[in-house]
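Report on one structure; see the data block that follows.
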Amino acid sequence: MEESTSPQPSSSAEDNCSEEIQGNQGTSNNANDSDPSSSCGSSQSKVITPEGRARMERNRQAALKRLKDKSAAVNEVLAAYGIDNDAGPSAKKRKKESQYMTELKNVVSEGSVVRVHGTKLIDTGGGFLIEEKDLVEQEEAEKIIVPHEAPYLPTDVPHCMDCEKEFQDSFLFKNYEFPVCDSCKDIDEKHKLITRTDAKNEYLLKDVDLDKREPILKFVTKPNPHNSNWGDMKLYLRLQVEERAIEVWGSLDRIDEQQEMREENRMKTKIKKYNKKMKDLRMSARSSLYTKDFKPHEHIWGPEVCVDEDEDQYQHTCTECGQDEIYEKM
Numbered sequence: 001m002e003e004s005t006s007p008q009p010s011s012s013a014e015d016n017c018s019e020e021i022q023g024n025q026g027t028s029n030n031a032n033d034s035d036p037s038s039s040c041g042s043s044q045s046k047v048i049t050p051e052g053r054a055r056m057e058r059n060r061q062a063a064l065k066r067l068k069d070k071s072a073a074v075n076e077v078l079a080a081y082g083i084d085n086d087a088g089p090s091a092k093k094r095k096k097e098s099q100y101m102t103e104l105k106n107v108v109s110e111g112s113v114v115r116v117h118g119t120k121l122i123d124t125g126g127g128f129l130i131e132e133k134d135l136v137e138q139e140e141a142e143k144i145i146v147p148h149e150a151p152y153l154p155t156d157v158p159h160c161m162d163c164e165k166e167f168q169d170s171f172l173f174k175n176y177e178f179p180v181c182d183s184c185k186d187i188d189e190k191h192k193l194i195t196r197t198d199a200k201n202e203y204l205l206k207d208v209d210l211d212k213r214e215p216i217l218k219f220v221t222k223p224n225p226h227n228s229n230w231g232d233m234k235l236y237l238r239l240q241v242e243e244r245a246i247e248v249w250g251s252l253d254r255i256d257e258q259q260e261m262r263e264e265n266r267m268k269t270k271i272k273k274y275n276k277k278m279k280d281l282r283m284s285a286r287s288s289l290y291t292k293d294f295k296p297h298e299h300i301w302g303p304e305v306c307v308d309e310d311e312d313q314y315q316h317t318c319t320e321c322g323q324d325e326i327y328e329k330m
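Numbering (full-length UniProt numbering), first residue to last: 1 to 330.
In structure tokens form, the structure reads like this:
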């Protein structure tokens with residue numbers, strides 16, 4: 001066997017190396033103490049013994065074997081669950097980069113419009129792109145569609161009831177279909193508006209008369225002036241409400257008679273309630289004068305009177321309650 005003739009490090013180099021190791025003990029606790037050549041590699045990096053090389057090779061082979069065994073175990077687990085082994089960070093990064101490059105190759109610029117995989121994108125000039133579909137939906141949402149009736153043809157132009165002139169549009173005709181132009185409109189007197197509650201009270205109309213009976217009366221809604229939290233106020237045209245009341249009751253005089261009769265019944269009910277309350281108050285104040293008799297009533301009959309001699313029927317009357325009784329004598 002031939003012995004190795006590699007030159008050994010000198011004693012001075014070993015002393016320097018030992019001093020360097022002792023000086024760096026506080027900061028390099030993970031250094032290999034068994035191999036002085038690795039700790040002082042800066043001074044003698046080329047001096048590696050065959051034993052050191054063999055140990056490095058064994059460590060490298062052991063690390064490769066551990067990595068191979070670990071990869072095999074991971075692949076076995078993923079295969080058991082049916083998962084592809086493409087979820088690593090490097091694989092994801094490579095896949096993302098290839099997809100990005102493919103998209104860049106498929107980009108076709110058309111001025112401010114960019115197409116990516118057939119999707120039309122709008123270049124806003126602010127550093128981002130918007131799909132054309134989203135832009136169209138936004139524009140449609142911003143549009144406020146207000147329905148308007150078709151314009152009147154010359155043969156359908158209405159005539160004012162007061163001045164008998166043609167007009168294209170007016171407040172009363174648009175909201176109530178009442179043919180009166182704006183110049184002849186008199187909201188304060190002739191064409192006065194009335195609320196739904198007043199229409200029902202003054203003309204004795206019901207909800208069905210306003211909402212169901214044909215033709216249905218038109219109205220205009222406005223915020224309630226008494227309280228904004230209440231429902232909107234419905235304003236009807238008084239002339240149309242009056243016509244509907246005549247249609248229901250027959251005439252305005254019949255409505256007046258019905259109102260008077262209802263007022264009388266209302267007063268009678270009030271008087272009856274008042275008398276009952278006064279009686280209860282007197283009974284509570286002077287209860288000794290208002291003792292109730294809970295015994296059953298016994299009739300005190302008056303003299304009998306012959307009603308039918310052939311049938312021997314007689315009649316007598318109670319002197320207290322006034323009940324009549326007819327009976328036969330045997």
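The C-beta atom is built at its ideal place from N, Cα and C for all residues, glycine as well.
| message | According to DSSP, is V77 part of a helix, a strand, or is it coil? | response | Mapped onto the sequence shown, residue 77 falls at position 77. The answer is helix: DSSP assigns V77 an H, G or I state.
I'd like the span of the beta strand (DSSP E) that includes M233, first residue to last.
Residue mapping note: residue 233 aligns to position 233 of the sequence shown, counting from 1. M233 to L237 is the span of the beta strand (DSSP E), which, as asked, contains M233.
Assigned exposure category for residue 332 - 16 Cβ within 10 Å defines buried
Outside the displayed range of the chain (1 to 330) lies residue 332, so it cannot be described from this structure.
May I ask you to verify whether the region 249 to 259 touches the region 225 to 233, counting CB pairs closer than 8 Å and requiring at least 3? no
| said: Could you check whether L252 and Y236 sit closer than 8 Å to each other, using their CB atoms as the reference points? | reply: For the purposes of this step, residue 236 is identified with residue 236 of the sequence shown, where counting begins at 1. For the purposes of this step, residue 252 is identified with residue 252 of the sequence shown, where counting begins at 1. Going by C-beta atoms, Y236 is not nearer than 8 Å to L252.
message = Comparing C-alpha positions only, which one of E177, F171 and K200 sits nearest to I187?
response = Taking the sequence shown and counting its residues from 1, the one referred to as residue 187 is at position 187. Closest option to I187, Cα to Cα, is F171.
How would you call R262, buried or exposed, if buried means at least 16 neighbouring beta carbons within 10 angstroms?
-> By one-based count along the sequence shown, residue 262 stands at place 262. Under this definition R262 is an exposed residue.
Where the beta strand (DSSP E) containing E325 begins and where it ends
Residue numbering aside, residue 325 sits at position 325 when the sequence shown is read from its first letter. Unbroken beta strand (DSSP E) run through E325: D324 to E328.
Query - Three-state secondary structure assigned by DSSP to K96 - result: In the sequence shown, residue 96 corresponds to position 96, counting from 1. It is helical.
With DSSP collapsed to three states, give me the class of V220.
The residue you call residue 220 lines up with position 220 of the sequence shown. Of the three classes helix, strand and coil, the one that applies to V220 here is strand, per DSSP.
Where does I194 fall in DSSP's three states? Counted from its first residue, the sequence shown places residue 194 at position 194. Reduced to three states, the DSSP call for I194 is strand.
- So what does DSSP say about W301, is it helix, strand or coil? Mapped onto the sequence shown, residue 301 falls at position 301. Residue state, collapsed to three classes: strand.
Checklist line | Rounded straight-line distance, which links the Cα of E325 to that of C318 | finding: Here residue 318 corresponds to residue number 318 of the sequence shown, with the count starting at 1. Here residue 325 corresponds to residue number 325 of the sequence shown, with the count starting at 1. If I take the Cα positions, the gap works out to 8 Å.
Identify the continuous alpha helix (DSSP H) that holds T269 and give its terminal residues. As a working note, residue 269 is residue 269 in the sequence shown. That run of the alpha helix (DSSP H) goes L252 to A285.
*asked:* Taking the straight line between their C-alpha atoms, what separation do you get for M161 and D169?
replied: Indexing the sequence shown from 1 puts residue 161 at position 161. Indexing the sequence shown from 1 puts residue 169 at position 169. If you take the alpha carbons of M161 and D169, they lie about 14 Å apart.
Out of curiosity, what's the CA-to-CA distance linking W249 and K212? Within the sequence shown, residue 249 is the residue found at index 249, counting from 1. Within the sequence shown, residue 212 is the residue found at index 212, counting from 1. Their backbone Cα atoms lie some 16 Å apart in a straight line.
To the nearest angstrom, how far is the alpha carbon of T49 from that of R58? Residue numbering aside, residue 49 sits at position 49 when the sequence shown is read from its first letter. Residue numbering aside, residue 58 sits at position 58 when the sequence shown is read from its first letter. The straight-line gap from Cα to Cα measures roughly 14 Å.
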